[in-house]
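Asker:
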Amino acid sequence: AQKITQTQPGMFVQEKEAVTLDCTYDTSDPSYGLFWYKQPSSGEMIFLIYQGSYDQQNATEGRYSLNFQKARKSANLVISASQLGDSAMYFCAMRDGQGAQKLVFGQGTRLTINP
Amino acid sequence: GAGVSQSPSNKVTEKGKDVELRCDPISGHTALYWYRQRLGQGLEFLIYFQGNSAPDKSGLPSDRFSAERTGESVSTLTIQRTQQEDSAVYLCASSLAGGPINIQYFGAGTRLSVL
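Residue numbers (my numbering), protein chains in the order written: chain A, 2 to 116; chain B, 36 to 150.
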């Protein structure tokens, strides 16, 4: 069965610093997708970035990048030049490639950016 | 265009009562998902609809939970004889069918409190 592990329940970072949020996963499927979502206090889930298991390069979207280490089964999210508005819960999720469309989520990391 | 819309945003009910939660997906999205998020936890998959195919109900926790979807539009999640452990935020998401990435876009959720 698929599993996502986020080992950092909370992170505190100074504004403008870079931050890495950890995510490890477990699956026996060679084809899968990894997603990161942001959940601010308003409650909505905001899609940030996607990495496919066969992608040759690490995904990037603006200030977000994904440090994908396939052999270690890790997909850490890197946020560069953090801003106060980055304070939120961050969830790592996975979908396997065998037709199952559901996402399996980790427990999340609460990121707090200090001014 | 409009995002995923959920109603009500908050619902307080008494133990034993039935509740209905509504989800309006993004126009043109053929896939629709329901997830549950307990306080401080990640999201748990409940059910998935794709076009006219039989829904994937593998995440429904008990037979008190059911969901319907009319065509490719509105979906209703029904919880019968609510229990206190049903208290959670219920999130709906929609996505375009097919494609390797299949990003799910979420609504703001319905916060259900069972007294």
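Glycine is no exception: its CB is placed at the ideal position from the N, C-alpha and C atoms. It should be emphasised that the depicted structure is a prediction, and the values quoted were computed from it without experimental measurement.
Whose CA, out of A:GLY53, A:TRP37, A:LYS4, lies closest to the CA of THR21 of chain A?
Answerer: If we check each option's Cα against that of THR21 of chain A, A:TRP37 comes out closest.
Asker: What are the partner residues of LYS50 of chain B, as DSSP defines its beta bridges?
Answerer: DSSP output for LYS50 of chain B lists no bridge partner at all.
Asker: What does the Cβ neighbour count give for SER110 of chain B, buried or exposed, with the cut at 16 atoms within 10 Å?
Answerer: Buried is the call here.
Asker: Any heavy atom of the ligand HEM closer than 7 angstroms to the Cβ of LYS46 of chain B?
Answerer: Here there are no bound small molecules, and the ligand HEM is not part of this structure.
Asker: For ALA19 of chain A, I'd like the list of residues in its chain whose CB is within less than 6 angstroms of its CB, leaving aside the five on either flank, ordered along the chain.
Answerer: Correct list, in chain order: SER81.
Asker: Could you name the residues of the same chain whose beta carbon sits closer than 8 angstroms to that of MET12 of chain A, not counting the 5 residues immediately before and after it, in chain order?
Answerer: Only VAL20, LEU22, THR110, ARG111, LEU112, THR113 meet the Cβ criterion.
Asker: Hey, would you say GLN85 of chain B sits closer than 8 angstroms to GLN58 of chain A, going by beta carbons?
Answerer: Contact: no.
Asker: CB-CB under 7 angstroms to ASP121 of chain B, same chain, minus the five flanking residues each way: which ones, in chain order?
Answerer: The residues are ILE114, LEU147, VAL149.
Asker: Quick check on this structure: which residue in B:ALA143, B:ARG116, B:ARG104 has the alpha carbon closest to the alpha carbon of THR65 of chain B?
Answerer: Per the Cα distances, B:ARG104.
Asker: Give the DSSP-derived three-state secondary structure of GLU120 of chain A in the structure shown.
Answerer: Residue 120 of chain A is absent from the structure shown; chain A starts at 2 and stops at 116.
Asker: Residues of chain B with CB under 9 angstroms from GLU45 of chain A, in chain order?
Answerer: Simply GLY38, VAL39, LEU126, PHE141, GLY142, ALA143, GLY144.
Asker: What does GLN108 of chain A touch in chain B if you count any residue whose Cβ is under 9 angstroms from its own?
Answerer: Ordered by position in chain B, the residues that pass the 9 angstroms Cβ test against GLN108 of chain A are GLY75, GLN76, GLY77.
Asker: In angstroms, rounded to a whole number, what distance separates the CA positions of ILE61 of chain B and THR8 of chain A?
Answerer: Using only the alpha carbons, I get a separation of about 33 angstroms.
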